[in-house]
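The structure appears right after this line, and notes come after that.
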Amino acid sequence: MKMKNYFTLLLTALVCSGVAAQTVPYVSIHDIQYVSPTNLANCVDSSQYENQLIRTRGIVIVDGGRVEVPSSAVQGGFRPFMYIVDTAAAGQMGPFKAVEVAGWYPSGNQQVPHPIAWQVVAGDVVEVIGLVKNFNRNTQIEPQQFSHINLISSNAPVPQPAVVSVGQLNDQNRVNQLPTGEQWEGAFVEIQNVTVVNVDFFANGTRVSFDVVDANGNRINVSDRFIAQRLPTYQVTNPNSPYATINGGPGTGLFQPPVVGAFYQKIKGIILHSANGCTGLNGRGYELNPFDSTHYVLGATPPVISDKQRVPPVPNPTQQVKITFTANDPDGTVANAKVFWSSNLSVPVAQFDSITATLKPGTTDEYEVTLPSQPLNTVVRYYIRATDNQGNVSRLPTGNFNNEPRVFHYTVRASGMVIPDIQYVLDGGDSPYRGQQVTVKGIVTSTAKDQDMGYVYIQDPDYNEWSGIWLVGVGLFDLFRHEEVQVTGVVEEFFNYTRLQVVNVQKTGKLDSTSIQPVVLNPSDSATLHPLNMEKYEGMLVRFQHPTTGQKIRISEPKLTFGEYRIATQAGFTSPNNSFRVHAGRQSNTAFSSLWVQPVTDTIYATVDGVMNVPPIVTSDTMTFDAVQGIVFFSFSNFKLHPRANDDFIGANFPMLPVTDRPRSPINVREYEHVRVSLYPNPAHDILNITSSANEHVMATITDLQGRVVKRFEIQPFEVNTYDISALKAGVYLVTLVSKSGNVMGNSKLVVQ
C-alpha cells in the first residue's frame, strides 16, 4: 500500500470518527466478549451485547492483507476481516480481550468491502461501530455503513500471542470446551508440542487444513483463514495480499502441508469458533488460524507417502488389484513400506493383514503391492504405512474416524463403477474417487429445464443409499427427467459436496419414470437427521413426511439465514435434532436451490440471487403438508432439502401454482406412438379392464396425485386384463404403462368413484 493512500485513509477516518459516534455507547472488547462461568457451563456463549449496536476500539493483530476469504457475496469477490485486541494494558493478549470484525458493510443489496479493513497493519488502532453478531457461535462485530470503521492511529505495540494449551480449547474428540476455550475466541495464541494426526485437502486440492493433538490427545484443527496456509494451487483474491502479483508476490499460496506424524514445537494463530458439542452444531470446535509462515515451527519429519494409484479402480471378481505409491524421507531414508488390508468389514483396522511393498525395478522410491481377487460386492479396505531409519512412521490415508484410523476402500463389481462407488464413504469424508475421471449410469431426477430445479442430478435405481449425484459441465441442458444417461466426468468435492464435472454425456434411449421413488424419511427423527446418517442420501431424491399415516408435517421455523427454513412433525421443533432445513428461491455461486418453488423466506428473493419464475409465497409456521420432497444438498456445514418445483410440496394447506408444462423427453414418443391403450370402465368402481396393442408384456403402475404408487400389475398383450381396484379410494389416478426395458409407453387418467 502506498504511504500517500494510507495517510489519506487516516485523515478521512479522523474526520469521520466523531460523526454519529458519540450517540453510540462505547463498550470495551473485554465487555463485549465476556461470558460468565455459569453461562458457559450451561452451554451459553453468546455476548451480552448480541444484536446491539456498540462502539469499541482495538489494536489490530494481523495485517488486513493477510486475510484470504473469497466470497461472491461481497463486491470484488473478497471478504475482509479485522482482528483486534482490547487497548487496555497496551494490547496485551488475555481472556476475552480480542474479537473478530467484519470488514464490509451493507449498501443496498450488496456487501461492500471497507478499504481500511484490508489495508490496516498490525499495531494500528481502529474504532469500530457495529452490531454484535455471531456466525456459527463465533462473535463478530458487523459495521452497518462506511463511517463505522475508522483508523485512529498507527503506532501501538504489535500484539504478541498468549501461550494456551490445546486442552483449554477442545477435548480428544475436538469438541469445544466452552468454560475454558471461549475466553480465547478471536485471540492470537500459541500452542506447543503437537503432532499432526490428519491432513484434509479440499476445494479440489487448492486448500488444506490439518488436525494436531497434544500429549494428552486433545485435538484442534489448524485452518486457513489467512494466506499463510494456502497452497501453491490456490489463486490469491485479496488485492492487498503480499502474495498478490500486483504487490510482487507469486499470485498463489506457498504453504507446504505437513504429513501425518509430523511434530510441531509450536504453532501460532488466531482462534476462531466453529461450534459443536453441546451447542448442537456440527463444526470443528475452536480452530487455530496461523497468519504468517513463521507461525509453524516443525520438529522431526516422518516419510512422505504420495502418488497412490490403484489398477483397476473397480475390479471384477476375477481381477487382482495392483497398488502403487511413492515413499521418501526428507531427513533420512525409508526403512520399509507395507500395505495393510482386509476384505472383512467387521475386522478392526489394527488386525488387518499386511503385505510388504517392493520397489519397482529401476526406482528408488516407487513401491507396489498386489492384492488378491475377491467375490462380487466385497468391500476391500486398505492403508499404506512407511517407516524411516529413525523409527518415524507415516500412513496414508491420514487421520482417524470414530477412534479408528482412516482407510482407503473399493467394492468389487460385476461390470464397472456405479454411483454408490463414488459416493460411499467409510469415514464421512470426501469421495474416494475425488480428482479421478469416472463413467457411470443413472436416471435423471432433476434438470435444467423449466419447472425444475435448474440443476441436473442423476440416481442409480438399483440402490437406495449413496446413489445420487450432482452433474455440472457440458451436454446437460438437453437432459429430461426419467431419461437414463451414461456420463463421464471428473469427481469433485464442492465444499464437501460431491459432484461430477461432466465431459461427455450419452442418452441410452431408455426412459424410466417409475424406478426412482423418493426415500421416505421422518423430518423429526434424531437418528435419521444425524449428519453421518444423512451423508448417504446426498444428491438423492428424498421425501419427508410424518411417520403416522394421515398426519401432516409443517414449517416449524419459517425464517433462518440465507433463505432457509425448517420442516418438522410438530410446531416448536427447531433444533437440528428434530427438524430439517429446506432451501428455495436462491441461485448464486454459493446457493443452488430452485427458482420454480414459491414458498421462500422473503419476497426479496423474487429478484435477489436469481429471478424467481413464480410469485414468492412467504413461509409461515401455519403451513402444513402431507409431504415435502426434493434433492438432499449439503453446504455451510448443514444438510438441507432442495425442492425442485411446486409439485414437490404435496398436500399443502395453501394454494400454489400447479406444474403443468414441464418439458418431457421425446425419446419414447416415436417408438410407441402407435401403441394403443384402453381403460374401461372409466370412471371405474371395483373392476378395471385394460387392453394394450403392444406386442410385449408390459407393467402397469397406478399412482395417486401425490405420486404414491398404489398398485402394480402385469399387462398381457392383445388381451382384456381385468383387475380388482375395490381397495382404491375415490379420486383421480394416473395409469402408466412401462415396457420390460423400462421405457414409458403411455399415460392415462383413471377416475375411481
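Count the sequence shown with mature numbering (1 follows the signal peptide of the UniProt record, and there is no 0) and you get residues -21 to -1, 1 to 732, in order. The beta-carbon is built from N, C-alpha and C at its ideal position, and this holds for glycine as well. Being a predicted model, the structure only gives us computed values, none of them experimental.
Beta-carbon proximity list for Ser718, same chain, < 6 Å, skipping 5 on both sides
Answer for Ser718: Val677, Met724, listed in chain order.
Beta carbon of Thr35, beta carbon of Tyr84: below 8 Å?
no
Between the stretch 398 to 405 and the stretch 533 to 550, can you find at least three pairs of beta-carbon atoms closer than 8 Å?
no
If you follow the alpha helix (DSSP H) that Asn18 is part of, which residue opens it and which one closes it?
16 to 20
Could you give the distance in angstroms between the alpha-carbon of Asn129 and the alpha-carbon of Ala96?
9 Å
With three or more beta-carbon pairs closer than 8 Å as the criterion, would you say the stretch 476 to 493 touches the stretch 560 to 567?
no
Quick check: the Cα distance between Phe74 and Leu110, rounded to an integer number of angstroms?
The amino acid occupying residue 74 in the given sequence is Pro; Phe does not appear at that position. If I take the Cα positions, the gap works out to 22 Å.
Local conformation of Val466 per DSSP, three classes
Three-state result, Val466: strand.
Does DSSP put Thr715 in a helix, a strand or coil?
strand
Can you round the beta-carbon distance between Asp190 and Asn177 to whole angstroms, since I take them to be within the 8 Å contact cut?
Asp190 to Asn177, Cβ: 4 Å. Contact.
Examine the Cβ distances between the stretch 418 to 427 and the stretch 389 to 398 and report whether three or more of them are shorter than 8 Å.
yes
Evaluate Thr682 with the Cβ neighbour count: other Cβ atoms within 10 Å of its Cβ, from every protein chain shown; 16 or more gives buried, anything less gives exposed.
buried
Which residues DSSP lists as bridging Ile669, in chain order:
Leu658, Asn700
What did DSSP end up calling Tyr584 once you bin it into helix, strand or coil?
For Tyr584, the secondary structure class from DSSP, reduced to helix, strand or coil, is helix.
Can you look up Gly630 in the DSSP assignment and give me helix, strand or coil?
DSSP places Gly630 in coil when its eight states are reduced to three.
Under the rule that 16 or more other beta-carbon atoms within 10 Å means buried, what is Val711, buried or exposed?
exposed
If Val464 and Thr487 are in contact, beta carbons under 8 Å, what's the gap, nearest whole angstrom?
7 Å
Val105 and Met61 look like a contact to me (Cβ under 8 Å); what is the Cβ gap, rounded to whole Å?
Going by Cβ atoms, the distance from Val105 to Met61 rounds to 7 Å, so yes, they are a contact pair.
Nearest candidate by alpha-carbon position, reference Asn625, set Asp600, Met591, Arg643
Met591
Thinking C-beta only, is Thr426 closer than 8 Å to Leu458?
Yes, the pair counts as a contact, with Cβ atoms nearer than the cut-off.
Where Gly551 and Lys515 are concerned, what is the direct C-alpha to C-alpha distance, given to the nearest angstrom?
27 Å
Give me the residue from Thr527, Val23, Tyr213, Asn217 with the minimum Cα distance to Phe57.
Asn217
Can you find the residues in the same chain that come closer than 7 Å, C-beta to C-beta, to residue 743, ignoring five residues on each side of it along the sequence?
As shown, the chain starts at -21 and ends at 732. That puts residue 743 outside it, with no answer to give.
Excluding five sequence neighbours on each side, which residues of the same chain lie with their C-beta closer than 6 Å to the C-beta of Ser202?
Ser188, Glu266, Asn268
Here's the rule: buried if 16 or more other CB atoms are within 10 angstroms of the residue's CB, otherwise exposed. What is Gln12?
buried
If we require 4 or more residues per run, which alpha helix (DSSP H) segments fall completely within the stretch 350 to 420?
398 to 402
Closest to Ser644 by C-alpha separation, out of Tyr346, Asp429, Asp150, would be which residue?
Asp429
Residues of its chain near Pro122, where Cβ-Cβ distance is below 6 Å and the 5 sequence neighbours each way are ignored:
Tyr84, Gly109, Ile128
In its own chain, which residues sit with a C-beta less than 6 Å from the C-beta of Ala69, not counting the 5 before and 5 after it?
The beta carbon of Ala69 lies closer than 6 Å to those of Pro136 in the same chain, with the five residues before and after it left out.
Residue(s) in a DSSP beta bridge with Val283:
Asn307
Expressed to the nearest angstrom, what Euclidean distance is found between the alpha-carbon atoms of Arg649 and Lys619?
Legend: pLDDT at Arg649 = 46, less than 50; position of this residue unreliable, no value from coordinates given.
Given this structure, state the Cα-to-Cα distance separating Val484 from Val453, to the nearest angstrom.
8 Å
Relative to the C-alpha of Ala166, which candidate in Gly227, Val215, Ile40 has its C-alpha closest?
Ile40
In the DSSP output, what is Gln480 paired with across the bridge?
Gln480 is bridged to Val451, Val469.
Buried or exposed, going by whether 16 or more other CB atoms sit within 10 Å of the CB of Leu(-11)?
Low confidence applies here, because Leu(-11) scores a pLDDT of 46, under 50, leaving its location unreliable; read the following figure in that light. Counting C-beta atoms within 10 angstroms of its own C-beta, Leu(-11) has fewer than 16 neighbours from the protein chains shown and is therefore classed as exposed.
Measuring CB to CB, does Arg478 end up less than 8 Å from Leu455?
no
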